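Visitor:
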Amino acid sequence: MNQVARVAKLRGTQPAQELGTRGIERVARNPDCLRLKALTIAGVSPAKAAQDILHRDDVEAQSPFALVLDQKFDRHVLQNGAANLFSLYVEKGHLEPAESKIVSIADFAPGPSFAQCRRRESETRRLLALKLARDPAAPNLIIQPRLVLDFGGVPHPIEPDYLVARDDEPFYRVGVLKSYADRGGKTDPADLRAACRQAAVGVAALRQFLSAGGADAMIAAARCDLILKVTGFFLPTLQRMAILGEVDSIERALADAPTSLEEIEALVPTWGTLSDPAVLVAIPSRYHSNCREHCALWTHCREQALAVSSPALLGEHASEYLAPAGSIIRAIELMKNAPGISPRTEAEAIVQAELARAYRTLSEASNG
Amino acid sequence: MTRSKDQISKRLAKVVAEQRMLLESFDLALADGSLGDHRDLDAKLERLGAERRRLTAELRFVEVHGDAGAGPRTRGGGRVVREQVLDTLDEIGVPAPPALISELAFATTGADIGASRFSSLRRDEERAARRDPAARPAWIAPALNVATLTAMPRLLTSSAWPIERRLIGARSLRVGHLRTTLALLDRAAHLAATNPVRAASVEAIMLRLARGVPGAVESSKPADPARIRAALDSELRLIEQEDLSERLAAAARLRGYREQQQLWGLPAVIDGEARPGAAAR
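Heads up: the protein sequence lines correspond to chains H and U, in order. Numbering-wise, the working numbering puts 1032 at position 228 of the first sequence, and it's gapless, one number per residue. Numbering-wise, the working numbering puts 173 at position 185 of the second sequence, and it's gapless, one number per residue.
1) So what's S(-8) (chain U) in DSSP terms, helix, strand or just coil?
2) Look at the Cβ atom of K935 (chain H), then the Cβ atom of F877 (chain H), and state whether they are nearer than 8 Å.
3) If the cut is a Cβ gap below 7 Å, which residues of chain H does E223 (chain U) touch?
4) Enumerate in chain order the residues of its own chain whose CB-to-CB distance from F912 (chain H) is below 7 Å, with the five nearest sequence positions on each side excluded.
5) Taking Cβ-Cβ distances shorter than 7 Å, what residues in chain U pair up with K905 (chain H)?
6) Closer than 7 Å by beta-carbon distance: list the chain H residues that pair up with L226 (chain U), in chain order.
7) How long is the line joining the alpha carbons of S1131 (chain H) and L1166 (chain H), rounded to whole angstroms?
8) For L109 (chain U) and D836 (chain H), what's the separation of their Cα atoms in angstroms?
9) I'd like the ranges of any beta strand (DSSP E) spanning at least 3 consecutive residues and lying wholly in the segment 1093 to 1135 of chain H.
10) Verify the CB distance criterion: does S908 (chain H) have a CB-CB separation below 8 Å to chain U?
11) Would you check if the distance between the CB atom of I906 (chain H) and the CB atom of L931 (chain H) is smaller than 8 Å?
12) Which of helix, strand or coil does DSSP assign to G816 (chain H)?
13) Please go through the segment 76 to 143 of chain U and give each complete alpha helix (DSSP H) segment of 4 or more residues, from N-terminal end onward.
14) Is L1159 (chain H) buried or exposed, if buried means 16 or more other CB atoms sit within 10 Å of its CB?
15) Hey, out of U:I156, U:M140, U:A38 and U:L254, whose CA is closest to A237 (chain U)'s CA?
16) If you compare alpha carbons, which of H:A832, H:G827, H:L843 and H:I828 is closest to K813 (chain H)?
17) Mind checking if A1129 (chain H) is an interface residue toward chain U, Cβ cutoff 8 Å exclusive?
18) Would you report the Cα separation of R(-1) (chain U) and A117 (chain U), rounded to the nearest angstrom?
19) Start and end of the alpha helix (DSSP H) containing C921 (chain H)?
20) State the Cα-Cα distance for the pair H178 (chain U) and A187 (chain U), rounded to the nearest angstrom.
21) Identify whether R199 (chain U) lies in helix, strand or coil by the three-state DSSP scheme.
22) Using a Cβ cut-off of 7 Å, pull out every chain U residue sitting near A941 (chain H), in sequence order please.
23) Residues of the segment 872 to 901 of chain H with a CB closer than 8 Å to any CB of chain U: list them in chain order, please.
24) Of the choices H:C921, H:R1106, H:E1137 and H:D965, whose alpha-carbon is the least far from that of C751 (chain H)?
25) Taking only three categories from DSSP, how would you classify I906 (chain H)?
26) Examine chain H for any beta-carbon lying closer than 8 Å to the beta-carbon of I258 (chain U), and answer yes or no.
27) Against chain H, does V201 (chain U) count as a neighbour if the rule is that its beta carbon must be under 8 Å from one of theirs?
28) Look at the Cβ atom of Q1002 (chain H), then the Cβ atom of E829 (chain H), and state whether they are nearer than 8 Å.
29) Could you spell out the range, first to last residue, of the alpha helix (DSSP H) harbouring T182 (chain U)?
30) Please go through the same chain and pick out, in chain order, the residues whose beta-carbon is closer than 6 Å to the beta-carbon of A148 (chain U), but skip the five residues on each side of it.
31) Do I1031 (chain H) and I845 (chain H) have their beta-carbon atoms positioned less than 8 Å apart in this structure?
32) Return the bridge partner residues of S146 (chain U) from the DSSP annotation.
33) Does the beta-carbon of A239 (chain U) have 16 or more other beta-carbons within 10 angstroms, so that it is buried, or is it exposed?
34) Using three-state DSSP, classify M805 (chain H) as helix, strand or coil.
35) So, using beta-carbon positions, are I80 (chain U) and A93 (chain U) closer together than 8 Å?
36) Is the segment 125 to 141 of chain U in contact with the segment 166 to 174 of chain U, if contact means three or more CB pairs nearer than 8 Å?
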């Protein structure tokens, strides 16, 4: 059975989806969650899994207002040969006026059909190869390139917003467009981190392209350009960012097990598929308090965490602190020194001592 | 202009008479064995056949909807959409995306051509042109990429343009943007005296495009056409010659292919599926 057929078998009745940079970035936010990894590698979004496999009706969709704003801003910056984007780069001094070689990959084959997608991948590879060969015709701006990222032994197409390079630079850097208002130091750091992680997925894909061609992968530097919006206007702003940590976290998530399709297949019984709710919920997940920000399965995972009284429900710090106890109920029993309860390990004994001290202090403070 | 039933009938009668005359010549040539010397007869008959089919459809439409109604594939103004698109393209003079053509057609003539209609329009054009390239003086054709000589369906051109004008090189998107802005600057100035309402619409689009040119528009100051023109000219001087040279070289290569390939481009070759350069000449 070829790889496409194996992934299709794993997916079951679910149609294949392209999860893009957001999908890969989501895995890097919670690299220990095997359920999320399995779904991503099989090409099923958590939202689709929550709705169609687990039949949950509490899935939160992205705000249509934010979606429209995003699309409008992207169009504004990238339309007419990305004139506004190029102008911004020239004004900031990052490109010379003569460095105006601009290619929009979608011009070659717009549309979602298999042949059109393959054509865009092929054109992107051709243009990247030009830059690698230091061809003077290599574009300075490539709008919506289509790169392929190998994740879990399966190719995942991603379409970063754009790639940019001066003529004298060895390779491209990734650019990300976000319709968040640029408030300087007051811009929401969570928004910035998410944008940088998405750019990092693009860097990882460029590095894989370079490695596959025998070139030095490090010429795709861990840097990105972030385009935000002037508050109240549709004017773009540009920030150059170092994304070393983000690229590391993406590459770690890609390198962590499961690294091959076989490992994912091993999580699923031979008779089952990910479209079977019983199979899906049996794959271990790792609930975090921040899962709500990016994963539509968070309500289901939280219910599972509640059922086993997982310390993860109390947040990251408590989760780590109470890890030796294993559950909140056990931690409470240890804290109250319940009859018949004694620490099973040395680590649990330390947790018990600290919890008991804190409990005494709390009782004294509240009861006088 | 929408033609009346009488006008269409007269034109149809003329076309049928010409067809009859050509068929007689065909018959004679067949009889005296000189058909080989009259190779153009087939093409002429094909063209007249296409014209007859189009006029018959138009006549049927007018019979059902009356003379005043818009014809098939027409808008409020009465002109066929494809003509409207070709006029707009001629006005800009460079390959343009459907969204811009649609916006400009509305601003300059009030023609409401939805950008979503362009893909079917382009398919119809290609089908008709492959049947009989001589049936119409110009077709709406895709721009072609200089490196691969393949179609870039999101950028439209007129087949009546010289080949090099239908090609997209490394700098052509930028040159196209500058040329479009320049064309609209001229059009807005021209309309200012004759139709101030349309002039304002065209100027609004021109200003939006001009904001994508460094130094053309100063923020919080009224737009200065002279400043915009200077910025456009100065950037064009930097890149236009190089762009033209690249397109001329590709045009010379494209001339080596068949007429249909010159118009619609070579088939796209995807990596690993065929050898590069294997397209049939």
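Cβ atoms here follow ideal geometry from the backbone N, Cα and C, with glycine treated the same way. Note that the structure is predicted; figures quoted are calculated from it, not measured.
Guide: Inspection of the coordinates gives the following:
1) Within the second sequence, residue -8 (chain U) is the residue found at index 4, counting from 1. S(-8) (chain U): coil per DSSP, three-state reduction.
2) Residue numbering aside, residue 935 (chain H) sits at position 131 when the first sequence is read from its first letter. Residue numbering aside, residue 877 (chain H) sits at position 73 when the first sequence is read from its first letter. No, Cβ-Cβ distance for K935 (chain H) and F877 (chain H) is not below 8 Å.
3) Sequence index remark: in the second sequence, residue 223 (chain U) carries index 235 (1-based). Chain-order list of chain H residues neighbouring E223 (chain U): P901, by C-beta distance under 7 Å.
4) For this step, residue 912 (chain H) is matched to residue 108 along the first sequence. Around F912 (chain H): R923, R924 and E927.
5) Along the first sequence, read from residue 1 onward, the residue named residue 905 (chain H) stands at position 101. Result: A158 and R159.
6) Sequence index remark: in the second sequence, residue 226 (chain U) carries index 238 (1-based). The answer, in chain order, is P901 and A902.
7) Numbered from its first residue, the first sequence carries residue 1131 (chain H) at position 327. Numbered from its first residue, the first sequence carries residue 1166 (chain H) at position 362. Between the C-alpha atoms of S1131 (chain H) and L1166 (chain H) there is a straight-line separation of about 21 Å.
8) Against the second sequence, residue 109 (chain U) aligns to sequence position 121. Against the first sequence, residue 836 (chain H) aligns to sequence position 32. Approximately 51 Å, taken between the alpha carbons.
9) none
10) The residue given as residue 908 (chain H) occupies position 104 in the first sequence. Chain U, which has a Cβ nearer than 8 Å to the Cβ of S908 (chain H), makes this yes.
11) The residue given as residue 906 (chain H) occupies position 102 in the first sequence. The residue given as residue 931 (chain H) occupies position 127 in the first sequence. Contact: no.
12) As a position in the first sequence, residue 816 (chain H) is number 12, starting the count at 1. Looking at G816 (chain H) - three-state DSSP - the assignment turns out to be coil, as it is neither helix nor strand.
13) 86 to 97 and 106 to 119
14) As a position in the first sequence, residue 1159 (chain H) is number 355, starting the count at 1. L1159 (chain H) comes out buried.
15) Taking the second sequence and counting its residues from 1, the one referred to as residue 237 (chain U) is at position 249. Closest option to A237 (chain U), Cα to Cα, is U:I156.
16) On the first sequence, position 9 is the one that residue 813 (chain H) refers to. Selected option, being the one with the closest Cα: H:L843.
17) Numbered from its first residue, the first sequence carries residue 1129 (chain H) at position 325. It does not; no Cβ of chain U falls within 8 Å.
18) Along the second sequence, read from residue 1 onward, the residue named residue -1 (chain U) stands at position 11. Along the second sequence, read from residue 1 onward, the residue named residue 117 (chain U) stands at position 129. When rounded, the distance between both Cα atoms is 22 Å.
19) Within the first sequence, numbered from 1, the residue matching residue 921 (chain H) stands at position 117. F918 to L936 is the span of the alpha helix (DSSP H), which, as asked, contains C921 (chain H).
20) Residue mapping note: residue 178 (chain U) aligns to position 190 of the second sequence, counting from 1. Residue mapping note: residue 187 (chain U) aligns to position 199 of the second sequence, counting from 1. Distance between the alpha carbons of H178 (chain U) and A187 (chain U) is about 8 Å.
21) Position 211 of the second sequence holds residue 199 (chain U). If DSSP states are grouped into helix, strand and coil, R199 (chain U) belongs with coil.
22) Taking the first sequence and counting its residues from 1, one reaches residue 941 (chain H) at position 137. Within 7 Å Cβ-Cβ: A158.
23) Q883, N884, G885, A886, A887, N888, F890, S891, V894, E895 and P901
24) One cannot answer for residue 751 (chain H) here, as it falls past the ends of chain H, which runs 805 to 1172.
25) Against the first sequence, residue 906 (chain H) aligns to sequence position 102. Strand at I906 (chain H).
26) Counting from 1 along the second sequence, the entry for residue 258 (chain U) is found at position 270. Yes, contact with chain H.
27) In the second sequence, counting from the first residue as 1, residue 201 (chain U) sits at position 213. Yes, because at least one Cβ of chain H sits closer than 8 Å to the Cβ of V201 (chain U).
28) Counting from 1 along the first sequence, the entry for residue 1002 (chain H) is found at position 198. Counting from 1 along the first sequence, the entry for residue 829 (chain H) is found at position 25. Against a cut-off of 8 Å, the Cβ pair of E829 (chain H) and Q1002 (chain H) comes out as a contact.
29) Here residue 182 (chain U) refers to the residue found at position 194 when the second sequence is read from its first residue. That run of the alpha helix (DSSP H) goes S160 to T182.
30) Residue 148 (chain U) sits at position 160 when you count from the first residue of the second sequence. The residues are A126.
31) For this step, residue 845 (chain H) is matched to residue 41 along the first sequence. For this step, residue 1031 (chain H) is matched to residue 227 along the first sequence. Not closer than 8 Å, so no.
32) If you number the second sequence from 1, residue 146 (chain U) lands on position 158. In the DSSP assignment, S146 (chain U) forms a beta bridge with U:I128.
33) Here residue 239 (chain U) refers to the residue found at position 251 of the second sequence. Counting C-beta atoms within 10 angstroms of its own C-beta, A239 (chain U) has 16 or more neighbours from the protein chains shown and is therefore classed as buried.
34) As a first step, residue 805 (chain H) is located in the first sequence; it is residue number 1 there, counting from the start. Looking at M805 (chain H) - three-state DSSP - the assignment turns out to be coil, as it is neither helix nor strand.
35) Residue mapping note: residue 80 (chain U) aligns to position 92 of the second sequence, counting from 1. Residue mapping note: residue 93 (chain U) aligns to position 105 of the second sequence, counting from 1. Taking 8 Å as the Cβ cut-off, I80 (chain U) and A93 (chain U) do not qualify as a contacting pair.
36) no
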